[in-house]
């Protein structure tokens with residue numbers, strides 16, 4: 001798992017990729033996410049971000065691989081659960097989930113994050 005000290009840098013990465021995607025600078029966003037995958041091989045954020053960028057570039061199958069990789073790295077990472085729900089259906093109409101700030105909090109949406117005694121989190125569909 002990635003270090004908590006890296007969380008600030010990963011949060012900045014999420015914001016920068018979000019900005020690039022908003023400006024339709026997909027190639028730059030893709031390159032940034034790929035660099036982050038090399039720098040943080042055990043973090044789910046770069047895979048989730050690359051999945052979002054690939055979805056915007058109309059590369060659905062490859063995007064889904066990266067969403068699943070992010071989920072495998074950390075099933076408790078909320079944005080990837082939302083990304084799988086948003087893009088893993090035939091009628092995806094939701095907005096991308098670049099980081100934690102894009103996820104709905106417990107009690108407000110169709111998902112909530114549960115933590116077990118072992119501090120393992122998982123997403124549960126309501």
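Numbering (UniProt numbering), first residue to last: 1 to 126. Where is the CB? At the ideal position from N, CA and C, for every residue including glycine. Fair warning: this is a prediction, and the values are worked out from it, not measured in the lab.
Item, Value
"Alpha helix (DSSP H) segment containing residue 14, residue limits", "7-22"
"Under 8 Å between C-beta atoms of residue 44 and residue 74", "yes"
"Residue 74 - containing alpha helix (DSSP H), residue span", "Per DSSP, residue 74 belongs to no alpha helix (DSSP H) and is neither H nor E."
"Inter-residue Cα distance where the pair is residue 149 and residue 57", "Outside the displayed span of the chain (1 to 126) sits residue 149, for which this structure offers no information."
"Rounded straight-line distance, which links the Cα of residue 40 to that of residue 88", "25 Å"
"Residue from 36, 52 and 30 whose Cα sits closest to the Cα of residue 12", "36"
"CB of residue 127 within 8 Å of CB of residue 14, strictly", "Here the chain covers residues 1 to 126 and nothing more, so residue 127 does not appear."
"Supposed close pair residue 63, residue 51 - CB separation, criterion 8 Å", "4 Å"
"CB of residue 33 within 8 Å of CB of residue 17, strictly", "yes"
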